[in-house]
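Per this note's numbering, residue 826 is the first one in the sequence shown, and the count goes up by one each step.
Quick reminder that beta carbons are idealized off the backbone N, C-alpha and C, glycines included.
Please read these numbers as outputs of a predicted model, since none were measured by experiment.
Step one of this worksheet: look at the structure below.
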Amino acid sequence: MCLPVFSRSLSKSLLVGSLVFSAFGANAAGLLSPVSANLPDLTIKEHHVEVTIQDGYAITEVEQVFANPNNQALDAIYSFPVPDKAAVGEFTYWINNQPVTGEVVAKQQARQIYEEEKKAGRKTALVEQDSYKTFDISVAEVQPQTDVHVRLVYVQPTHVDSGIGRYVYPLEDGGVDEAKLAFWNRNEQVQEQFSFNVNLRNSYPIDGIRLPHQPAAVVTQTDAQNWTVSLGNRVQNVNGDDDDDVSAQSSQPMAQGPVASLDKDILLYWRHSDGLPGSLDMTTYKKDSTSPGTFMMTLTPGDDLAPLQNGRDWIFVLDVSGSMAGKYSALTEGIRQGLAKLSPQDRFRIVLFNDTAQNFSGDFQPAIPEKITPLLDKLDQYQPNRGTNLYAGMKMGLRKMDADRPTAMILVTDGVANVGVTEKKAFLEMLEQADLRLYTFVMGNSANRPLLNEMTKVSQGFSLSVSNADDIMGQIMLAADKMSHQAMRNIQLKFDGGRITDLTPEQIGSLYRGQQLTLLGHYRKAGPVKVTLTGEIGSETRTYETEITFPDQSTLNPELERLWAYAKIENLQAKMDYLGEDSDTKQAITSIAKEHGLVTDYTSMIVVEEARFNQLGIDRSNKKRVETEHQARQQRAAAPVQQRRADTNKPMFDKKRSTVSGSSGGGAIDPWLLALLIAMASGVLIKRQQRDRKTKEA
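Written out as structure tokens, the structure reads:
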């Protein structure tokens, strides 16, 4: 089946749209080896992925077998991109054919233990996080002619927008970390067995599933609420074209050559049935009547945000640094087509930036061919080069705006600031001083998501993550629809009853057409709770109310505790990024991560021989947590799909949800914006295909 093209919403006076691209020629997940070392490569024999999507979150289990086919002992380092909002809670390493689950300790302590165990000749493994970029798995001293078996499990909230669910298994490393690229070679080839399986269980009916660029995926529907997806051993086609991959559904290794390459993200979309009501859905975990409970609450408003129709000034802030060289022709063609769609009553201005900023067009120009054509001809001749002074480009773009005219800014960059002001706090302060909305397309796995997402929150805009393997046209339409409708701003959520604590996010900000609001928190008292949502839509304050019930005991979703802890850590990290580092906040992050078994910037997961945990004074709390989670997963799998809707008796919203089908109506989407984004998306696909062909020819 094929998903329809999407649509989405907008806001009032000043709008900022941002397209964020990662560098082409990207590296992939895989085994690392030093560039300068004359050491033989380790190999990836098997790579198996099991994904379960249910109850508002996804659990991803990755099992791999590494092999050392050489005659000397070698260390293994496996690196892969950090999934968005993913909490790693389990790492298991097979020692003497027995699985040993890792424990979380402070990062420096974990590295010290790893090095000492390695030096002593004992088996050990380690998982570390490299900021927002990668998870790195290290296994010491893989003996000659032996295999290493590891399992990593992470959990993340599901993402549903305008009735379309989206899951990405990230494999592409965006290639923006130049120091890492200079030091490491990468082996991403799976030699013998590869599998990717998904079990989707949803309390609302699903119309269909789609996996872009995966024609061999086997999709099976049990009923409207239960779907499965499977991919088997694969080989890349000889032409390097994504849509023509040759695959084989077989558990046997291919006769020769690798069966898969971990160089492209795997995307999964699912589409909810049309006509579903707006709702409040909830999943809970409460071990017993004496323990505090944890909840995940998802609010899906009805489609009551009206379309907008306003003339605007347009400010294009374009990254012309060296990292944009591979995308520049697509960029200029997109700008050309976009400007051609503007109304003669509109005005435009173009700002360029690399290591400095340049007001390319001068003051605002009328959007007429006599002004547009000469500027674009000149822009075509520009050669991208040097570094990325994102701050200077944004600052110049915000100058000389006419307060009497609604203004939109389109920021095009890969989001990796490496020249001039680079501190997150400076960007946030600049946005706080401007009356604007920032809209971001975060494309690729190595764009600076923490910076871009925080900028979005400050400006009460929105962000969409886009993979190179995405159904890019759908994502474009989704964003364009948001930018053509009202938004609900300054949202407040109030609870009367339940003794609700530790709510995250602490500040909600805005909701755009089709978006869901997901909150996590603790409740101390079971029973009925009144929930009130208020927000501003234009000059109107709107209120929505319902009553729900928190259970006294609920044991099927223990993973919620990790999800809450991860969201809390994100909030603490964001505050520290803005206010500056401090030891108290670092300690708070470390304590929460250790209690809930999470790999973070300040904690890592260490595996040693079972007897060594006690000798090292490391409590086996994460092992117990993992056992509880495994048991709960087995119980969920054996039970029918549970209904998550909590406001059935008193619906919170009186309209149906917004969907991409357009059945609920909607305003006109700016044609210039679609032309711009379509041209840039086409450029993305063309460049990606050219890159793949060159790689195969080499």
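Which same chain residues end up closer than 6 angstroms to Ser-1186 when comparing Cβ atoms and leaving out the 5 residues on each side of it in sequence? Here residue 1186 corresponds to residue number 361 of the sequence shown, with the count starting at 1. Closer than 6 angstroms at Cβ, skipping near neighbours: Arg-1174, Ile-1175, Leu-1200.
Helix, strand or coil for Phe-1478, going by three-state DSSP, please let me know. Counting from 1 along the sequence shown, the entry for residue 1478 is found at position 653. Note: Phe-1478 maps to coil in three-state DSSP.
Run of the alpha helix (DSSP H) containing Lys-1220, from where it starts to where it stops: Here the question's residue 1220 lines up with position 395 in the sequence shown. Here the alpha helix (DSSP H) through Lys-1220 covers 1215-1222.
Where does Pro-982 land, buried or exposed, given buried means 16+ other C-beta within 10 angstroms? In the sequence shown, the residue the question calls residue 982 occupies position 157. So Pro-982 ends up on the buried side.
Starting from the Cα of Met-1280, find the closest Cα among Gly-1334, Ile-1431, Gln-1046 and give me that residue. Reading the sequence shown from its first residue, position 455 is the one you call residue 1280. Among Gly-1334, Ile-1431, Gln-1046, the Cα nearest to that of Met-1280 is on Gly-1334.
Between Asp-1479, Thr-1380, Gly-1322, Asp-1472, which lies nearest to Ser-1114 when the distance is taken from Cα to Cα? Translated into the one-based positions of the sequence shown, residue 1114 becomes position 289. Considering only alpha carbons, the answer is Thr-1380.
Neighbour-count burial assignment, Lys-1220, 16 or more Cβ in a 10 Å radius: Locating residue 1220 in the sequence shown gives position 395, counting from the first residue. Classification for Lys-1220: buried.
Under 8 angstroms between C-beta atoms of Glu-966 and Asp-1032: Here residue 966 refers to the residue found at position 141 of the sequence shown. Here residue 1032 refers to the residue found at position 207 of the sequence shown. No. Outside cutoff.
Candidates Ile-1160, Tyr-1369, Leu-1215, Glu-1420: closest to Gln-1249 by CA position: In the sequence shown, residue 1249 corresponds to position 424, counting from 1. The sequence given here places Lys at residue 1249; Gln does not occur at that position. If we check each option's Cα against that of Lys-1249, Leu-1215 comes out closest.
Of the listed residues Leu-1263, Glu-1370, Ser-1168, nearest to Phe-1287 (C-alpha basis): Within the sequence shown, the letter at position 462 stands for residue 1287. For Phe-1287, the nearest C-alpha among the options comes from Leu-1263.
Sort out for me which residues DSSP pairs Trp-1095 with in a bridge. The residue given as residue 1095 occupies position 270 in the sequence shown. The partner list for Trp-1095 (beta bridge, DSSP) reads Gly-990, Ile-1034.
For Arg-1437, which option in Pro-865, Leu-1385, Glu-928 has the closest C-alpha, if you only look at C-alpha atoms? Counting from 1 along the sequence shown, the entry for residue 1437 is found at position 612. Selected option, being the one with the closest Cα: Glu-928.
Under the DSSP definition of a beta bridge, which residues are partnered with Met-1122? As a working mapping, residue 1122 is identified with position 297 in the sequence shown. Beta-bridge pairing links Met-1122 to Met-1107, Leu-1344.
Could you please give the first and the last residue of the uninterrupted alpha helix (DSSP H) stretch that includes Pro-1194? Here residue 1194 refers to the residue found at position 369 of the sequence shown. It spans 1194-1205 - the alpha helix (DSSP H) in which Pro-1194 sits, taken as one unbroken run.
Please name the residue, chosen from Pro-1353, Val-1023, Ala-1464, Gln-954, that lies closest to Ala-1042 on a Cα-to-Cα basis. What you label residue 1042 is simply residue 217 of the sequence shown in a count that begins at 1. Ala-1042 has its Cα closest to that of Val-1023, out of Pro-1353, Val-1023, Ala-1464, Gln-954.
Out of Glu-1384, Ala-945, Arg-1137, Ala-1471, point me to the one whose CA is closest to Lys-1449's CA. Within the sequence shown, the letter at position 624 stands for residue 1449. With distances taken between Cα atoms, Lys-1449 lies closest to Glu-1384.
Close-in-space but distant-in-sequence residues of the same chain around Glu-942 (CB under 6 angstroms, 5 per side omitted): Here the question's residue 942 lines up with position 117 in the sequence shown. So the qualifying residues of the chain are Thr-949, Val-1433.
Which whole runs of the alpha helix (DSSP H) in the segment 903-980 are 4 residues long or more, in chain order? 932-944
How is the beta strand (DSSP E) around Asp-1144 delimited, first residue to last? If you number the sequence shown from 1, residue 1144 lands on position 319. That run of the beta strand (DSSP E) goes 1138-1144.
Three-state secondary structure (DSSP) at Ala-1457? For the purposes of this step, residue 1457 is identified with residue 632 of the sequence shown, where counting begins at 1. Ala-1457: helix per DSSP, three-state reduction.
Option in Thr-971, His-974, Asn-1010, Pro-906 with minimal Cα separation from Ala-862: Indexing the sequence shown from 1 puts residue 862 at position 37. Ranking the options by Cα distance to Ala-862, first place goes to Asn-1010.
To which residues does DSSP link Glu-1395 through a beta bridge? Counting from one through the sequence shown, the residue named residue 1395 turns up at place 570. None; Glu-1395 has no bridge partner.
If you draw a straight line from the C-alpha of Ala-1192 to the C-alpha of Lys-1111, how long is it? On the sequence shown, position 367 is the one that residue 1192 refers to. On the sequence shown, position 286 is the one that residue 1111 refers to. So the two alpha carbons sit approximately 60 angstroms from each other.
Is His-1455 buried or exposed, if buried means 16 or more other CB atoms sit within 10 Å of its CB? Position 630 of the sequence shown, counting from 1, holds the residue named residue 1455. Result: exposed.
Should Thr-1232 be labelled buried (16 or more other beta-carbon atoms within 10 Å of its own) or exposed? One-based indexing of the sequence shown puts residue 1232 at position 407. Classification of Thr-1232: buried, given that the 10 Å Cβ count is 16 or more.
Taking the C-alpha atoms as reference points, what is the distance between Gln-968 and Asp-866? Taking the sequence shown and counting its residues from 1, the one referred to as residue 968 is at position 143. Taking the sequence shown and counting its residues from 1, the one referred to as residue 866 is at position 41. In a straight line, the C-alpha of Gln-968 is about 13 angstroms away from that of Asp-866.
Examine the Cβ distances between the segment 1353-1363 and the segment 1307-1327 and report whether three or more of them are shorter than 8 angstroms. yes
Please report how far the alpha carbon of Glu-1395 lies from the alpha carbon of Gly-1422, in whole angstroms. As a first step, residue 1395 is located in the sequence shown; it is residue number 570 there, counting from the start. As a first step, residue 1422 is located in the sequence shown; it is residue number 597 there, counting from the start. Their backbone Cα atoms lie some 15 angstroms apart in a straight line.
Would you mind working out which of Arg-1224, Ala-1150, Leu-1092, Val-1084 sits nearest Phe-1141, comparing C-alpha positions? Along the sequence shown, read from residue 1 onward, the residue named residue 1141 stands at position 316. The shortest Cα separation from Phe-1141 among Arg-1224, Ala-1150, Leu-1092, Val-1084 belongs to Arg-1224.
Flag Ala-1150 as yes if its beta-carbon sits less than 8 angstroms from any beta-carbon of chain C, otherwise no. No chain C is present in this structure, which holds just one protein chain.
Going by DSSP in three states, Pro-894 sits in which element: helix, strand or coil? The residue labelled residue 894 in the question sits at position 69 within the sequence shown. Looking at Pro-894 - three-state DSSP - the assignment turns out to be coil, as it is neither helix nor strand.
Whose C-beta lies closer than 8 angstroms to the C-beta of Phe-1019 among residues of the same chain, with five residues either side of it excluded? Residue numbering aside, residue 1019 sits at position 194 when the sequence shown is read from its first letter. Cβ neighbours of Phe-1019 beyond the five flanking positions: Glu-871, His-872, His-873, Leu-1056, Gly-1057, Asn-1058, Arg-1059, Val-1084, Ala-1085.
Let me know if Gly-1163 comes out buried or exposed under the rule of 16 or more other beta-carbons within 10 Å of its beta-carbon. Your numbering for residue 1163 matches position 338 in the sequence shown. Answer is buried; the Cβ neighbour count reaches 16.
Would you decide whether Asp-1321 is buried or exposed? Buried here means 16 or more other CB atoms lie within 10 Å of its CB. Taking the first residue of the sequence shown as position 1, residue 1321 is located at position 496. When all chains shown are included, Asp-1321 counts as exposed.
Determine the DSSP secondary structure at Glu-1254, reduced to helix, strand or coil. The residue you call residue 1254 lines up with position 429 of the sequence shown. Glu-1254 falls in the helix class under three-state DSSP.
With a threshold of 8 angstroms, are at least 3 pairs of Cβ atoms found where one atom belongs to the segment 1241-1260 and the other to the segment 879-886? no
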